[in-house]
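Visitor: This is the structure, below, for whatever I ask next.
In mature numbering (1 follows the signal peptide of the UniProt record, and there is no 0), the protein residues as written are -20 to -1, 1 to 99.
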């Protein structure tokens, strides 16, 4: 009788541990067409400010503006993305970026990918 009672409890416990180890799915969001207003390299990547409205979720409080974007140097294809955004800044081209809503730090919104287009 003891075995029957512990098997469901063991299953529920293992299921809870398995679910706790699965990361939540991040939401990827596309910005609208924007212009880069400030661009500067930092030791861990490329940081830029873009024009337009705040991209942070409603209710987010931070000392930094909500249009500060960052491409970490560890990102896949970092060199190509950084080069494309530097070209966009120098040529006043529009950019559109994809960022994850749950990767927002206090100051930087992490860019996942993006594109550059002529105005």
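For glycine and all other residues, C-beta sits at the position ideal for the given N, C-alpha and C.
On a predicted model such as this, the values are computed, not experimentally measured, just so you know.
1) Assess, as a yes-or-no matter, whether the region 60 to 67 is touched by the region 34 to 42 under the definition of 3 or more beta carbon pairs within less than 8 Å.
2) Counting only the same chain and skipping the five closest in sequence on each side, list residues whose C-beta sits under 6 Å from that of residue 74.
3) Rounded to the nearest angstrom, what separates residue 71 and residue 93 at their Cα positions?
4) Spatial neighbours of residue 95 within its chain, please: CB distance less than 6 Å, with the 5 preceding and 5 following residues excluded, ordered by chain position.
5) Given a threshold of 16 other Cβ atoms within 10 Å of its Cβ, counted over all protein chains shown, does residue 20 qualify as buried or as exposed?
6) List the DSSP bridge partners of residue 96.
7) Classify residue 54: buried if its beta carbon has 16 or more other beta carbons within 10 angstroms, exposed otherwise.
Guide: Reading off the structure:
1) no
2) 13, 97 and 99
3) 19 Å
4) 76
5) So residue 20 counts as exposed.
6) 75
7) exposed
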